[in-house]
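Residues 50 to 941 in my numbering are what the sequence shown lists, from first letter to last.
Built from N, CA and C at the ideal position, the CB exists for glycine as well.
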Amino acid sequence: MTYRLYWGKAKPGAKGPSCHLLSWHSLDVAAVGWHLLAPDKPLTQILSARLDMSPGQLRRFFVFLLGLHDLGKFSRTFQSLARPEGVELAAPLERYEYTVRHDRLGMLLWRKCWLDWLDEGVLRWPEVALDRGQRQRRRNAIKALMNPFFGHHGQPVEADQLRLEVFFGSDEHVSDVESAKFFVAEWADLIAIDWPIEQLLSEEWLASFLSLSWTISGWATLSDWLGSNQEHFHYCQDRISLTEYWQRCALPRAEAALRETGFFQPLTPLPYDGLGAWFDDPEVVPTPLQKEAESLPIPSGPQLFILEDVTGAGKTEAACILAQRLLAAGHSEGLYFALPTMATSNAMYERLGSLHRRFYTPESNPSFVLAHGASRLNESFSAAIDNAQPYDLDYGPGEASATAQCNRWLADSRKKALLAEVGVGTIDQALMGVLPFRHQSLRLFGLTRKILIVDEVHAYDHYMQALLGRLLSHHARQGGSAVLLTATLPQAMRQALVAAWQAGLNLPPGSLECRDFPLLTQISGAAVREVSLESRPEVSREVGVEWLADEQQAIDIVMQAVEAGECIAWVRNTVDDAIRAYEAIRERHPQPERCLLFHSRFAMLDRQRIESDVLRRLGKTSAFDVRKGQVIVSTQVFQESLDCDVDLMISDLAPVDLLIQRAGRLQRHQRGPRRPPLLRVLAPEWSEDPDAQWLKRALPGTQAVYRDTSLLWLTQRVLRRLKAIRMPEEARALIESVYGAVVDEVPDDLHEARFEQRGLQKIAGSRAFYSALELEAGYVWDRHKWQEEQEIGTRLIDEPTVNVALLKRDAAGALALWAEGERHAEMLSQIKLRQSQARKLAELPARYLDQWEVLQEGYKALRFVQPWLAEEDAEVTYDKVLGCLFERPAEA
50 MTYRLYWGKA
60 KPGAKGPSCH
70 LLSWHSLDVA
80 AVGWHLLAPD
90 KPLTQILSAR
100 LDMSPGQLRR
110 FFVFLLGLHD
120 LGKFSRTFQS
130 LARPEGVELA
140 APLERYEYTV
150 RHDRLGMLLW
160 RKCWLDWLDE
170 GVLRWPEVAL
180 DRGQRQRRRN
190 AIKALMNPFF
200 GHHGQPVEAD
210 QLRLEVFFGS
220 DEHVSDVESA
230 KFFVAEWADL
240 IAIDWPIEQL
250 LSEEWLASFL
260 SLSWTISGWA
270 TLSDWLGSNQ
280 EHFHYCQDRI
290 SLTEYWQRCA
300 LPRAEAALRE
310 TGFFQPLTPL
320 PYDGLGAWFD
330 DPEVVPTPLQ
340 KEAESLPIPS
350 GPQLFILEDV
360 TGAGKTEAAC
370 ILAQRLLAAG
380 HSEGLYFALP
390 TMATSNAMYE
400 RLGSLHRRFY
410 TPESNPSFVL
420 AHGASRLNES
430 FSAAIDNAQP
440 YDLDYGPGEA
450 SATAQCNRWL
460 ADSRKKALLA
470 EVGVGTIDQA
480 LMGVLPFRHQ
490 SLRLFGLTRK
500 ILIVDEVHAY
510 DHYMQALLGR
520 LLSHHARQGG
530 SAVLLTATLP
540 QAMRQALVAA
550 WQAGLNLPPG
560 SLECRDFPLL
570 TQISGAAVRE
580 VSLESRPEVS
590 REVGVEWLAD
600 EQQAIDIVMQ
610 AVEAGECIAW
620 VRNTVDDAIR
630 AYEAIRERHP
640 QPERCLLFHS
650 RFAMLDRQRI
660 ESDVLRRLGK
670 TSAFDVRKGQ
680 VIVSTQVFQE
690 SLDCDVDLMI
700 SDLAPVDLLI
710 QRAGRLQRHQ
720 RGPRRPPLLR
730 VLAPEWSEDP
740 DAQWLKRALP
750 GTQAVYRDTS
760 LLWLTQRVLR
770 RLKAIRMPEE
780 ARALIESVYG
790 AVVDEVPDDL
800 HEARFEQRGL
810 QKIAGSRAFY
820 SALELEAGYV
830 WDRHKWQEEQ
840 EIGTRLIDEP
850 TVNVALLKRD
860 AAGALALWAE
870 GERHAEMLSQ
880 IKLRQSQARK
890 LAELPARYLD
900 QWEVLQEGYK
910 ALRFVQPWLA
920 EEDAEVTYDK
930 VLGCLFERPA
940 EA
């Protein structure tokens with residue numbers, strides 16, 4: 050058959066076969082998809098139920114379509130890209146030039162030929178008489194059906210305005226179009242395609258398919274990635290039959306590939322058997338929230354849970370209880386823990402440790418991956434992907450275990466990380482699934498059969514909240530379940546999250562009535578269940594609030610606490626304010642080495658060192674003599690990621706939810722007798738009727754960060770009225786007094802800033818709406834969304850950031866990375882700066898450009914990074930204690 054005259058993969062000049070025939074590559078990919086859609090697989094069961102097809106029919110049908118994913122490679126323009134030797138192939142046609150990608154060419158060929166192939170019997174369509182309306186519905190369905198398969202390179206494709214004869218040619222021996230037709234005909238016979246005729250003529254069925262097409266696209270992409278792995282699918286130029294290759298080569302090799310990457314062995318969940326079984330301690334007593342998670346009913350269908358409770362109430366464990374119960378009930382196969390930052394993701398990865406293995410039988414070996422941009426810097430994760438895991442089978446010397454191989458394959462790309470059975474990472478990795486990033490459907494496919502657990506759900510701005518709403522709607526539509534965790538969630542935000550979930554199920558938003566705290570909200574379809582909870586006495590806290598008028602007063606209080614042998618934290622709202630306060634305190638401190646500065650403008654190497662130092666000095670296990678007189682001046686990175694506590698805390702005025710979070714680091718751990726916890730807040734002098742410059746005069750940096758000054762005035766008002774932060778008794782009052790329906794209580798001169806920020810929030814919501822994909826419309830090309838040059842992101846920031854590589858000169862005067870000699874030196878040497886700040890850095894002197902190119906060749910992560918040799922910069926400097934300084938310190 051002439052279809053054997055086309056190559057699909059090529060490596061000219063290499064030893065062994067110089068190419069892999071197109072027909073064999075097509076079957077390799079189809080074989081991977083065949084195993085992934087085995088009738089007993091949960092994915093198959095979901096698709097079968099939603100598309101009203103038997104598992105066997107669905108498997109043959111979609112695997113047939115998957116085998117056509119590379120039809121565009123039958124184009125002589127594609128074939129001209131290589132001239133493999135030692136094999137008879139279709140002769141090149143010199144007038145054909147490869148100017149259009151093969152995925153679009155496949156769409157072009159299909160669109161032009163499928164009706165003819167149908168009439169000729171190539172596609173094995175049964176002889177069924179159709180009226181005009183039915184033919185149109187069939188046309189619409191088959192057009193939509195092929196989008197996920199031809200779009201297997203990460204985004205949908207279109208073939209409008211392309212002409213078949215420009216790209217598909219023929220000579221006296223072979224025709225591209227005829228060769229493709231012969232392949233399709235034999236492949237249809239081999240797979241015994243069974244067309245779902247009744248379904249294809251139904252508009253309701255098409256709507257169901259479109260909602261599932263993102264998942265199907267992810268399945269097709271994963272099949273193509275695995276089916277393109279030369280380690281498993283060796284190049285073959287043999288002229289054998291499709292049936293022989295399918296049975297002897299494609300299917301067994303696909304099974305081996307899936308076994309190695311962890312996709313073949315099904316997981317067996319264990320029923321939840323109490324916290325004692327997790328921690329091997331029968332005396333563990335669940336918190337009220339955990340007790341409710343253990344006993345609440347779990348109906349069939351997608352479930353949404355919102356857990357609101359104070360820090361220390363065991364929300365993470367409650368979420369894990371729900372996760373294990375959902376897994377055991379067949380709702381999901383895995384879970385993804387999404388957190389606001391890389392630091393919190395790292396902490397959660399360490400916290401879960403081996404706990405996730407308690408959810409499954411020992412032989413299940415679930416993959417466990419950390420998913421964010423700097424995951425390789427986490428030593429525990431690096432060890433996990435390089436070393437054997439508990440319960441691994443013994444392998445021969447030098448051969449990686451199955452779990453290590455699987456984790457390593459999943460971890461080599463953030464696009465794959467969400468495919469792990471258990472994942473921990475930033476919320477960004479999940480939100481990228483609803484944005485037009487290449488291969489976003491692979492992320493959605495990874496989330497499809499997972500419980501999505503989102504921690505600190507209150508911490509996201511309006512842009513991210515809008516994207517999260519899109520993700521929750523899609524997750525519900527796919528039959529998934531989600532658990533949202535928070536300590537300070539405004540009522541309006543809770544209502545919006547519930548509305549987004551129910552919108553995915555085509556339901557009107559349920560009414561939320563309860564204002565109690567702590568609270569567990571459960572949404573099952575249209576049913577809304579709100580459960581008021583008690584708190585353990587030991588997590589109920591009252592933190593007094595006092596007010597400071599100026600920085601000097603704050604410094605004096607710090608020094609008084611140092612003299613009393615206490616440890617202190619001062620959380621500032623800007624880096625520059627933090628540096629200034631640190632230098633002033635260090636100058637007066639009798640032991641200046643007991644002062645620490647921590648903010649975001651450090652190279653990663655120094656940031657990691659400082660984090661470790663903070664934990665050593667102020668962490669849970671730190672001793673009194675180490676803590677005595679310690680002072681840390683920090684930005685909000687202190688409250689976000691480090692499990693440490695202090696005797697005394699000062700904070701710049703910030704919105705109430707952040708002050709609550711910061712107060713959570715005040716006397717967090719039991720350490721014997723201490724003064725009653727007291728949060729001192731540096732704020733403008735109180736005024737019932739402030740003017741527009743009320744905040745800027747006292748804290749100009751704070752106003753630059755929190756432009757809606759009404760939030761800070763409302764925060765100051767409620768804290769002055771209550772005189773303390775009492776959790777959980779007054780949690781709802783604190784939050785709603787700032788974020789609730791209080792617009793009429795805002796002073797007149799602060800309305801302009803409030804309205805300006807509300808306008809910006811609406812713009813952020815609109816930006817999210819414009820940027821996000823219309824997932825309900827299906828996996829289709831949208832020229833307004835899929836633009837290569839379009840700048841999109843998961844976070845809407847006032848100013849783009851730039852990754853800067855901090856450089857130095859080594860002993861010989863040559864250019865070197867700041868973290869030279871360290872593992873992952875290219876990552877540890879980077880600083881993230883605002884674009885305006887990066888522009889102030891001196892350009893790398895010309896005499897170092899060749900050396901910089903050598904560094905870039907050696908480190909892939911430096912290719913899109915701005916180089917900075919700080920010692921050659923006359924205006925900006927870098928100090929491992931102070932970080933990046935945009936004003937050089939005065940000479941002594």
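Taking V580 as the reference, give the member of P557, P725, W867 and F566 with the closest Cα.
Residue numbering aside, residue 580 sits at position 531 when the sequence shown is read from its first letter. Selected option, being the one with the closest Cα: F566.
Cβ distance (whole Å) where W917 is taken to contact V853 below 8 Å
Your numbering for residue 917 matches position 868 in the sequence shown. Your numbering for residue 853 matches position 804 in the sequence shown. With a beta-carbon spacing of about 5 Å, W917 and V853 fall inside the 8 Å limit used to define contacts.
Distance, Cα to Cα, E838 vs F486?
One-based indexing of the sequence shown puts residue 838 at position 789. One-based indexing of the sequence shown puts residue 486 at position 437. Note on E838: pLDDT 44, under 50, position unreliable in the model; no value is reported.
Rounded to a whole number of angstroms, what is the C-alpha to C-alpha distance between P985 and L371?
Given that the chain is displayed from residue 50 to residue 941, the structure contains no residue 985 and the question cannot be resolved.
Endpoints, the alpha helix (DSSP H) within which E343 is located
Residue 343 sits at position 294 when you count from the first residue of the sequence shown. Where E343 is concerned, the enclosing alpha helix (DSSP H) stretches over P337 to S344.
C-beta contact flag for L731 and D696 at 7 Å
Here residue 731 is taken as the residue at index 682 of the sequence shown, counted from 1. Here residue 696 is taken as the residue at index 647 of the sequence shown, counted from 1. Contact flag unset, no.
Can you have a look at W735 and say buried or exposed, based on whether 16 or more other CB atoms are within 10 angstroms of its CB?
Residue mapping note: residue 735 aligns to position 686 of the sequence shown, counting from 1. Per the 10 Å Cβ criterion, exposed.
Could you tell me if N395 is buried or exposed, where buried requires 16 or more neighbouring beta carbons within 10 angstroms of its beta carbon?
One-based indexing of the sequence shown puts residue 395 at position 346. By the neighbour-count criterion, in which 16 or more other beta carbons inside 10 Å mark a residue as buried, N395 falls on the buried side.
For a quick check, are the C-beta atoms of L654 and A868 less than 7 Å apart?
The count along the sequence shown starts at 1 and reaches residue 654 at position 605. The count along the sequence shown starts at 1 and reaches residue 868 at position 819. Taking 7 Å as the Cβ cut-off, L654 and A868 qualify as a contacting pair.
Going by other Cβ atoms of all chains shown within 10 Å of its Cβ, with 16 needed for buried, is P337 buried or exposed?
As a working note, residue 337 is residue 288 in the sequence shown. Around the Cβ of P337, a 10 Å sphere holds 16 or more other Cβ atoms; the residue is buried.
Cα-Cα separation between L194 and K857, rounded to whole angstroms:
The residue you call residue 194 lines up with position 145 of the sequence shown. The residue you call residue 857 lines up with position 808 of the sequence shown. Between the alpha carbons of L194 and K857 lies a distance of about 55 Å.
Please classify D152 as buried or exposed, where buried requires at least 16 neighbouring CB atoms within 10 angstroms.
As a working mapping, residue 152 is identified with position 103 in the sequence shown. Burial state of D152 is buried, judged by a 10 Å Cβ sphere holding 16 or more other Cβ atoms.
State the Cα-Cα distance for the pair L877 and A652, rounded to the nearest angstrom.
Position 828 of the sequence shown holds residue 877. Position 603 of the sequence shown holds residue 652. In this structure, the alpha-carbon of L877 lies about 6 Å from that of A652.
Round the Cβ separation of V754 and N555 to the nearest angstrom and send it over; I've been treating them as touching at under 8 Å.
Residue 754 sits at position 705 when you count from the first residue of the sequence shown. Residue 555 sits at position 506 when you count from the first residue of the sequence shown. Not quite, the Cβ-Cβ distance comes to about 40 Å (not below 8 Å), so this is no contact.
Excluding the 5 residues preceding and the 5 following G445 in the sequence, name in chain order all residues of the same chain whose CB lies nearer than 6 Å to its CB.
As a position in the sequence shown, residue 445 is number 396, starting the count at 1. Low confidence applies here, because G445 scores a pLDDT of 28, under 50, leaving its location unreliable; read the following figure in that light. Take G445, set aside five residues on each side of it, and no residue of its chain has a beta-carbon closer than 6 Å to its own.
H718 versus Q685: straight-line alpha-carbon distance, rounded
Residue 718 sits at position 669 when you count from the first residue of the sequence shown. Residue 685 sits at position 636 when you count from the first residue of the sequence shown. Roughly 20 Å separates the two Cα atoms.
Determine, using beta-carbon pairs with one atom in the stretch 530-544 and one in the stretch 414-424, whether at least three such pairs fall under 8 Å.
Short answer: they don't touch.
For L50, does the three-state DSSP call read helix, strand or coil?
Locating residue 50 in the sequence shown gives position 1, where the first residue counts as 1. Looking at the sequence provided, one finds Met at residue 50 rather than Leu. In this structure, M50 counts as coil in the three-state DSSP scheme.
Are R564 and R723 touching if we call contact CB-CB under 7 Å?
Within the sequence shown, numbered from 1, the residue matching residue 564 stands at position 515. Within the sequence shown, numbered from 1, the residue matching residue 723 stands at position 674. Their beta carbons are not under 7 Å apart, which means R564 does not touch R723 by this criterion.
Candidates M50, C933, H281 and Y788: which alpha carbon is nearest R803's?
What you label residue 803 is simply residue 754 of the sequence shown in a count that begins at 1. Taking only the C-alpha atoms, the option nearest R803 is Y788.
Which of the three DSSP states is assigned to W762 in this structure?
Within the sequence shown, numbered from 1, the residue matching residue 762 stands at position 713. Reduced to three states, the DSSP call for W762 is helix.
Would V795 and S759 qualify as a contact pair, given that the criterion is a beta-carbon distance under 7 Å?
As a first step, residue 795 must be located in the sequence shown, where it is residue number 746. As a first step, residue 759 must be located in the sequence shown, where it is residue number 710. A contact, by the Cβ cut-off of 7 Å.
Would you list the one or two residues that DSSP bridges to W619?
As a working mapping, residue 619 is identified with position 570 in the sequence shown. In the DSSP output, where bridge partners are listed per residue, W619 has V682 and I699.
How would you call D165, buried or exposed, if buried means at least 16 neighbouring beta carbons within 10 angstroms?
For this step, residue 165 is matched to residue 116 along the sequence shown. It is exposed - the Cβ of D165 has fewer than 16 other Cβ atoms within 10 Å.
Over the uninterrupted alpha helix (DSSP H) stretch that includes N395, give me the two end residues.
Numbered from 1 along the sequence shown, position 346 holds the residue referred to as residue 395. In the DSSP assignment, N395 falls within the unbroken alpha helix (DSSP H) covering M391 to L401.
Can you find at least 3 beta carbon pairs, one from the stretch 464-474 and one from the stretch 240-248, that sit closer than 8 Å?
Per the Cβ contact rule, the stretch 464-474 is not in contact with the stretch 240-248 (fewer than 3 Cβ pairs under 8 Å).
Nearest-angstrom Cα separation, counted from F313 out to L85:
Counting from one through the sequence shown, the residue named residue 85 turns up at place 36. Counting from one through the sequence shown, the residue named residue 313 turns up at place 264. Rounded to the nearest angstrom, the two C-alpha atoms are 8 Å apart.
Measure the C-alpha to C-alpha separation of Q185 and L255 and round it to an integer number of angstroms.
Numbered from 1 along the sequence shown, position 136 holds the residue referred to as residue 185. Numbered from 1 along the sequence shown, position 206 holds the residue referred to as residue 255. Separation of Q185 and L255 (C-alpha to C-alpha, rounded to the nearest whole angstrom) is 13 Å.
Alpha carbon to alpha carbon, how far is M776 from R302?
Working through the sequence shown from its first residue, we reach residue 776 at position 727. Working through the sequence shown from its first residue, we reach residue 302 at position 253. Cα-Cα distance, rounded: 58 Å.
Helix, strand or coil at G447 [DSSP, three-state]:
Position 398 of the sequence shown, counted from the first residue, corresponds to residue 447. Residue confidence is low: G447 scores 30 on pLDDT, short of 50, so the model does not pin down where it sits. Its coordinate-derived value is still stated next. In the structure shown, G447 sits in coil (DSSP, three-state: anything other than H, G, I, E or B).
Can you give the Cα-Cα distance for K340 and S573, rounded to whole angstroms?
In the sequence shown, residue 340 corresponds to position 291, counting from 1. In the sequence shown, residue 573 corresponds to position 524, counting from 1. In a straight line, the C-alpha of K340 is about 19 Å away from that of S573.
Cβ distance (whole Å) where G121 is taken to contact L154 below 8 Å:
Translated into the one-based positions of the sequence shown, residue 121 becomes position 72. Translated into the one-based positions of the sequence shown, residue 154 becomes position 105. About 3 Å separates the beta carbon of G121 from that of L154, a gap short enough to meet the 8 Å contact definition.
Top-ranked residue by Cα proximity to A79, from C298, V223 and L92:
Position 30 of the sequence shown, counted from the start, is the residue given in the question as residue 79. By alpha-carbon distance to A79, the top candidate from C298, V223 and L92 is C298.
According to DSSP, is I500 helix, strand or coil?
Locating residue 500 in the sequence shown gives position 451, where the first residue counts as 1. It is a strand residue.
For P849, the nearest candidate out of Q884, L822, A821 and R578 (CA to CA):
Here residue 849 corresponds to residue number 800 of the sequence shown, with the count starting at 1. Of the listed residues, the one whose Cα sits closest to P849 is Q884.
Consult DSSP for M776 and reduce its assignment to one of helix, strand or coil.
One-based indexing of the sequence shown puts residue 776 at position 727. Three-state DSSP puts M776 in a strand.
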